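For the sequence shown, this note's numbering gives the first residue as 8, with consecutive numbering after it. See structure below.
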Amino acid sequence: MSLTRLIRNVPHFERLSPTTRGLSSSQRICAKLDLKPPPPGPPPPPPVTFDSPSKPRIVHDRPQPKDLPVIQSRAPAVIVLGILGISAWAGFIVYATNQERLASSVVRQVLTQLKASPEVGAVLGRSVGPEPTWWMLGQPYVDGGGMLTIGKVDISMRVKGTNGAGTIYFTSIRKEKGQPFTILRYKLICDNGVVLDNLHQEGLVPVPA
């Protein structure tokens, strides 16, 4: 049944006001269709009357800006580390170069001749050999250098025996490739002031080319 036909079947529908007619028609329609009206909503909250002003909120002090921490410069630490690194690298280079000089054939031959020389044994005593140094970790230090490829050897080192110590100087050159080295200086200056010069007897020392 449509809504219009249902309204026309009500006799006194036209004698009611529009508002009442709308409500009555809705109620009758609900009654005809067996529909339940929606439940009433919750009651409104009771009115609240304030008899005193509201309590003010707690006012906190504004936080003051803090000073930034003072950051120390890292330049001194970087400089110190750089100096230590360079020193360690330079020490390693010096140590490695000195070990290479000690192992060279020239140094070994000079030390062998010093041990066999009666003049050196008379001044320094027995067991003549290189004198170790603390800053080379107990190894003897050979000053100077020698380049057999260009024909020049110039070294000096500390030696000691049972009776004393001194410094040995050895200089030798080769004029042409394939010829023997000629000794220019082979001298021992002892710490007690004794100087032994021209320790070589033949004038030539067969240094490997």
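All residues carry an ideal CB built from backbone N, CA and C; glycine is no exception. Note that the coordinates shown come from a computational prediction; the quantities given were computed from them, not determined experimentally.
Supposed contact pair residue j and residue i - C-beta distance, whole angstroms, cut 8 Å
i	j	result
Thr169	Ser134	6 Å
Asn105	Val160	Incorrect: roughly 16 Å between the Cβ atoms, too far for contact.
Val130	Val201	5 Å
Phe177	Ile162	5 Å
Helix, strand or coil at residue i [DSSP, three-state]
i	result
Val135	coil
Ser163	strand
Thr119	helix
Ile157	coil
Ser59	coil
Gly173	strand
Leu203	strand
Ile90	helix
Ser112	helix
Val77	coil
Pro83	helix
Pro52	coil
Thr4	Residue numbering for the chain in the displayed model covers 8 to 216; residue 4 lies beyond these limits and cannot be assessed.
Gln106	helix
Val66	coil
Gly98	helix
Pro46	coil
Pro125	helix
Cβ neighbour criterion (16 or more within 10 Å) applied to residue i
i	result
Lys167	buried
Met164	buried
Val77	exposed
Phe5	Because the chain in this structure spans residues 8 to 216, residue 5 falls outside the shown range and cannot be described.
Pro137	buried
Leu10	Note on Leu10: pLDDT 47, under 50, position unreliable in the model; no value is reported.
Gly152	exposed
Ser179	buried
Phe99	exposed
Leu121	buried
Leu195	buried
Leu91	exposed
Leu203	buried
Ile190	buried
Pro54	exposed
Cross-strand partners of residue i (DSSP beta bridge)
i	result
Gly151	Ile162
Leu195	Ile175 and Leu203
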